[in-house]
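Chains A and B supply the protein sequences, listed in that same order. Take the first sequence: its position 245, counting from 1, is numbered 245 in this note's numbering, and each next residue is one higher. Position in the second sequence (from 1) plus 1000 gives the number in this note's numbering. Each remark here refers to the structure printed beneath this line.
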Amino acid sequence: VKWIVSLLVLLLGRGRRKAPAVPEPAPDRTAETLVIWLLLLVMLCSIAFAAFYVHDGNTQLLGLAIGFAFLCAAGASVLAASRLVPQEEHVETRPVLDDQAKADEAIATYSQGSARLSRKRLLLTAATGAGGALAGALVFPALSLGPNAVDVLSVSPWRDGRRVVDEAGRPILAADVAVGSFRTAFPEHASKELLSSPVVIVRIPERELALSDDRRDWAPGGILAFSKICPHAGCAISLFRYPSFEDTEPSPALVCPCHYSTFSVADGGSRTFGPAARPLPQLPLRLDEGGQLVAGGDFSGRVGPSWWKVRQGT
Amino acid sequence: MIKRSVRFLESRVGSSSLVKKTLDYIFPDHWSFLLGEIALYCFVVLVATGIYLTFFFEPSYARVVYDGAYAPLRGRTMTEAYRSTLDLSYRWRAGLLIRQTHHWAANVFIAAIVMHLFRVFLTGAFRKPRDINAWVGTTMLALAVVEGYAGYSLPDDLLSGMGLAIGYSVALSIPVAGAWIGTGIWGGEFPGSDTFVDRLFIVHVLIIPVVIAALISLHLAIIVRQKHSQFRGPGRTERNVVGLRLWPAYAFRSIGLMLAVTGVLFLLGGLIQINPIWQWGPFEPYLATNGAQPDWYLGWLLGALRLMPGWELHVGSYTPIPNAFFGGLLFPLVAFALLYLWPSLERRLTGDEARHDLLDVPSDAPRRTAAIFAFATFLGIVFLAGSADRIAVQVHISYVLQIWILRVAALVLPVAVYYVVRAVCVELREESRITPVEGRLLEPGSQSEPGS
């Protein structure tokens, strides 16, 4: 820390060593020649840029050519500044900024505006009220910006009996879901863009399930479904931690890659780490006659990031 | 030609005294004064390259099947926004150069603003009468961060979609009204419709750039009115300004800097790949990639969202404060509020109401410098949490352990840094009093020590 501070002091102090101006020396012909060469290089690089563009538009060569064209021009300009033009240091007095007498004059002129008023405070109150009302009225068009949040944020396409399908719309056979596997699924015939559509399907050995009594039949054969949208900040939960050595690794969990909220799979999505403050909504699953996955109802909680009424009506 | 135009303008608008005044304007010379200029020239490059990009980019979420030059994505359904950004990268000659230069310029722009801000704060340049300009600058920093976020959210690739999902969640987390604000901005539930990308586009290419341009003008006008601050030195007092005149010495230096900034940005844009959107693929709400990192200037917000424990305020069946509010909104609001309040706070703490045109070196004001380092340490640790997942992959320190270390460090380290930096500054100041550094004047009256 001391070293950094010393460095800062040294750097910041450097500018103060400039010697006062000396009389201008004779023309610096070397510097003039250098500036001319640099300007010639600018032309050359510019022509090269045009040539690279016409030839095949290679991004690296274009960048090199135009970058060096500008850098040579910069060199010419800085060289001209330091060697070709007079370097005289000048001194100037600062303007007076705090002339309170002038402020008094301005205030006096302003005050003339209310010289004839008898009910100044009442007029001011009325004007403030009018301004406020007008501003308030003009806020209303802003309400058209979006729909009523309660209406759009409460929609879920999941119902009892709704078939669970993969990204291509094919039903998912329970027998095809391997233990330790992770896949994304959607409600059949619903928009995939809806935040409450996508679910993750994972499978753990049935004996490891630790669901509460009211969810006992939500995970046929150890297959569980959860909302794919993290209840913290709306990212897609795309990591499934499935331990290959149960003794040393923590239990199966779903993890959001944005802020690493971690949700336990076995007990139905409780948070075990990270900033999420609500559990991951679980979707009840059951199997139809053909052994395909279907929803057993809607999610255990509202999908998506938290808001004022996120824990209502579910 | 220039002589003729001076006469032409003089005979019509009587502008010659203004021209003379401009040419005579004095710039005190110091490398650290160039940081703001670098930011200014980045803005110029951003506007120029940005205009070019608007001629090709389609702000639309309409779906098309890609059939362009990039073979791995052929046949994929994607939005026009993503398709047109791919075309900018693969179809139009020099398109990738301009796109990457634009992206690099944004990163350098904000880096230069942040460095400039550190210079201003460490040297006490925010004191009266420049507090007003510090507020203008801080506002530009906030706008630049929002502008950068809006910019890389436009292409609708996987990364920009993930960033928008988080932005939407942070909007929803605003106490009570958040859901209506969020669905208002997006025109419905995330990911929104064409309406949303149109809004995002106009905010990025018109509204914020115009406001920034106006604030730059104000920033410069205030500087010209007050004249530049300067470091202490021979012949320099609170009442004068010593340096090179704009014409000719300073103008060529500054033009040189502008050309150099442009040259470096083009070299970066041409040679160093940035935001390869074709690698991430198009965004869908149900897709995410692991190890995604946003542009650097959003790292502190990502880190804050990650460091926050899983707390959320529940009252009955209502959720007045969702978790994302703490890291995504409260944290940056507090940080920026501190920046805005800093000039007034220091004035109150030191009782120093005087006008200051001479700058401090950091050791002149140990408490101020220590506080700035402590603040930067806190932000730096939060920033680090934004890359903890990459560190976990590369250095094999468990992510969970890192988060716990950083949570503790964010609370403890700033305090330690404060005391260390203050002690170092006090020592440096004492040393320089006993053996003055070269060029450092100790004449009575030239020393002012706020915050000591």
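The beta carbon of each residue, even a glycine, is placed where N, CA and C say it ideally should be. Quantities reported herein were computed from a predicted structural model and do not represent experimental measurements.
What does the alpha-carbon distance come out to for the pair residue i and residue j?
i                       : j                       : result
residue 239 of chain A  : residue 1413 of chain B : 33 Å
residue 1260 of chain B : residue 65 of chain A   : 14 Å
residue 1175 of chain B : residue 1204 of chain B : 26 Å
residue 253 of chain A  : residue 1253 of chain B : 59 Å
residue 1180 of chain B : residue 1169 of chain B : 12 Å
residue 1166 of chain B : residue 1415 of chain B : 31 Å
residue 230 of chain A  : residue 1188 of chain B : 19 Å
residue 298 of chain A  : residue 1319 of chain B : 21 Å
residue 190 of chain A  : residue 1153 of chain B : 26 Å
residue 1445 of chain B : residue 1251 of chain B : In this predicted model, residue 1445 of chain B has a pLDDT of only 44, less than 50, meaning its place in the structure is not dependable; the value taken from the coordinates is given anyway. Going from the Cα of residue 1445 of chain B to the Cα of residue 1251 of chain B covers about 33 Å.
residue 1237 of chain B : residue 37 of chain A   : 42 Å
residue 49 of chain A   : residue 62 of chain A   : 5 Å
residue 192 of chain A  : residue 198 of chain A  : 7 Å
residue 1194 of chain B : residue 1160 of chain B : 16 Å
residue 1127 of chain B : residue 1349 of chain B : 13 Å
residue 1450 of chain B : residue 1352 of chain B : Below a pLDDT of 50, predicted positions are generally treated as unreliable, and residue 1450 of chain B, at 45, falls in that range; the measurement from the model is reported next regardless. Their Cα atoms are separated by approximately 7 Å.
residue 163 of chain A  : residue 295 of chain A  : 6 Å
residue 1448 of chain B : residue 127 of chain A  : Any reading at residue 1448 of chain B needs caution, since the residue's pLDDT is 44, under 50, leaving its predicted position unreliable; the model's value is listed next. Residue 1448 of chain B and residue 127 of chain A: Cα-Cα distance of roughly 47 Å.
residue 76 of chain A   : residue 39 of chain A   : 7 Å
residue 1017 of chain B : residue 118 of chain A  : 47 Å
residue 146 of chain A  : residue 1329 of chain B : 22 Å
residue 1341 of chain B : residue 1138 of chain B : 11 Å
residue 1200 of chain B : residue 1104 of chain B : 20 Å
residue 1037 of chain B : residue 1207 of chain B : 23 Å
residue 195 of chain A  : residue 1221 of chain B : 49 Å
residue 223 of chain A  : residue 1272 of chain B : 46 Å
residue 1182 of chain B : residue 154 of chain A  : 14 Å
residue 1278 of chain B : residue 1287 of chain B : 15 Å
If I measure Cβ to Cβ from residue i and keep anything under 6 Å in the same chain, skipping five residues before and after, which residues do I get?
i                       : result
residue 1191 of chain B : 1285
residue 1374 of chain B : 1414, 1417 and 1418
residue 268 of chain A  : 211, 215 and 282
residue 1225 of chain B : none
residue 1229 of chain B : 1125, 1357 and 1359
residue 1119 of chain B : 1032 and 1035
residue 1425 of chain B : 1363, 1366 and 1369
residue 1173 of chain B : 1322, 1324 and 1325
Evaluate residue i with the Cβ neighbour count: other Cβ atoms within 10 Å of its Cβ, from every protein chain shown; 16 or more gives buried, anything less gives exposed.
i                       : result
residue 159 of chain A  : exposed
residue 43 of chain A   : exposed
residue 47 of chain A   : exposed
residue 227 of chain A  : buried
residue 1409 of chain B : buried
residue 99 of chain A   : exposed
residue 1020 of chain B : exposed
residue 1256 of chain B : buried
residue 1299 of chain B : buried
residue 1202 of chain B : exposed
residue 1308 of chain B : buried
residue 1438 of chain B : Because residue 1438 of chain B carries a pLDDT of 49, less than 50, the predicted location of this residue cannot be relied on, and no value is offered for it.
residue 30 of chain A   : exposed
residue 148 of chain A  : exposed
residue 1402 of chain B : buried
Residue i and residue j look like a contact to me (Cβ under 8 Å); what is the Cβ gap, rounded to whole Å?
i                       : j                       : result
residue 286 of chain A  : residue 220 of chain A  : 6 Å
residue 171 of chain A  : residue 292 of chain A  : 4 Å
residue 1075 of chain B : residue 1066 of chain B : 7 Å
residue 1245 of chain B : residue 1024 of chain B : 5 Å
residue 1178 of chain B : residue 1171 of chain B : 6 Å
residue 275 of chain A  : residue 1305 of chain B : 6 Å
residue 204 of chain A  : residue 183 of chain A  : Actually they do not touch by this definition, with Cβ atoms about 14 Å apart.
residue 1046 of chain B : residue 1216 of chain B : Between residue 1216 of chain B and residue 1046 of chain B the Cβ distance is about 12 Å, and since that is not below 8 Å, they are no contact.
For residue i, which residues in the same chain have their Cβ closer than 7 Å to its Cβ, ignoring the five residues on either side in sequence?
i                       : result
residue 1296 of chain B : 1107
residue 17 of chain A   : Annotation note: pLDDT 46 at residue 17 of chain A (below 50); position unreliable, no value reported.
residue 1321 of chain B : 1175, 1312 and 1313
residue 218 of chain A  : 211, 282, 284, 285 and 296
residue 1060 of chain B : 1079, 1080, 1081, 1194 and 1197
Counting only the same chain and skipping the five closest in sequence on each side, list residues whose C-beta sits under 8 Å from that of residue i.
i                       : result
residue 1267 of chain B : none
**Request:** Note down, one range per segment and in chain order, each alpha helix (DSSP H) of at least 4 residues found wholly within the stretch 102 to 159 of chain A.
**Result:** 120 to 139 and 149 to 153
**Item:** Completely contained beta strand (DSSP E) runs for the stretch 1131 to 1210 of chain B, where each covers 3 or more residues
**Value:** none
**Message:** Just to confirm the assignment: which complete beta strand (DSSP E) runs, minimum length 3, are found wholly within the stretch 22 to 100 of chain A?
**Reply:** Whole beta strand (DSSP E) segments, 3+ residues: 89 to 93.
**Sequence ranges, alpha helix (DSSP H) only - wholly within the stretch 1298 to 1364 of chain B, length at least 4** = 1299 to 1307 and 1331 to 1350
**Asked** What residue ranges within the stretch 1204 to 1258 of chain B form continuous alpha helix (DSSP H) runs of no fewer than 4 residues, ordered along the chain?
**Response** 1208 to 1226
**Asked** Along the chain, which unbroken stretches of the beta strand (DSSP E) at least 3 residues long are found entirely within the stretch 227 to 271 of chain A?
**Response** 239 to 241, 253 to 255 and 262 to 264
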